[in-house]
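Let me begin by presenting the structure, written as structure tokens, before commenting on it.
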Amino acid sequence: MEDFVEIVGHVRRFKKATKSLSIEELVEVKAKLEKIIEDRIAAAEKEKLKNAEKIEKIEKIRAMMAAEGIEPSELVTEAPVKKGKRAPRPAKYAITDANGKKTTWTGQGRMPNVFKARVDAGESIDKFLI
């Protein structure tokens, strides 16, 4: 696409690129370009008309609000305050393994292997309550 714009944007490059085309083909290219230009102009006018209608509606609404004594700031509600991150849950269980390393667990999520091994061995999880 950049190559096309670069060629069409410079007269000498454009001449060189179209040198092999016949006059009939050049007339056909011209007609297609004119059609594209007309479509773009029509779309721009349509957008301009749409924006004018929108501005007119906004002005009508402002006039109605002024007649009723309503300020635009009254319509705007404050954004809801986002809650921050919640504090981590306190540990509910603690265990010290054979190496003297203390492991804690909140009781939520996957059970750590240290606890799982002891519970599988037959000990009660309540034994490790803090």
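Numbering follows the UniProt record's numbering, in which position 4 of the sequence shown is assigned residue number 4; successive positions increment by one, without gaps.
Every residue gets a Cβ at the ideal spot worked out from N, C-alpha and C, and that includes glycine.
CB-CB under 8 Å to Leu26, same chain, minus the five flanking residues each way: which ones, in chain order? Thr18
Write down every uninterrupted run of the alpha helix (DSSP H) in the region 48-124 whose length is 4 residues or greater and which is fully enclosed by it, in chain order. Taking only runs of at least 4 residues, the alpha helix (DSSP H) segments lying wholly in the region 48-124 are 72-75, 113-120.
Thinking Tyr93 and Gly109 are a contact (beta carbons under 8 Å), I'd like their distance in whole angstroms, please. Not really, about 12 Å apart at Cβ, beyond 8 Å.
Using the C-alpha atoms, what's the distance from Glu53 back to Glu59? 10 Å
How close, in whole Å, do the beta carbons of Val114 and Asp97 come, if the pair is a contact with beta carbons under 8 Å? 5 Å
Under the three-state reduction of DSSP, which class applies to Leu129: helix, strand or coil? strand
Which value, in whole angstroms, describes the spacing of the CA atoms of Gly100 and Pro88? 25 Å
Using the C-alpha atoms, what's the distance from Lys50 back to Arg40? Each residue's alpha carbon lies about 15 Å from the other.
Hey, out of Pro80, Glu123, Ile130, whose CA is closest to Thr103's CA? Ile130
Range covered by the alpha helix (DSSP H) that runs through Lys15: 11-18
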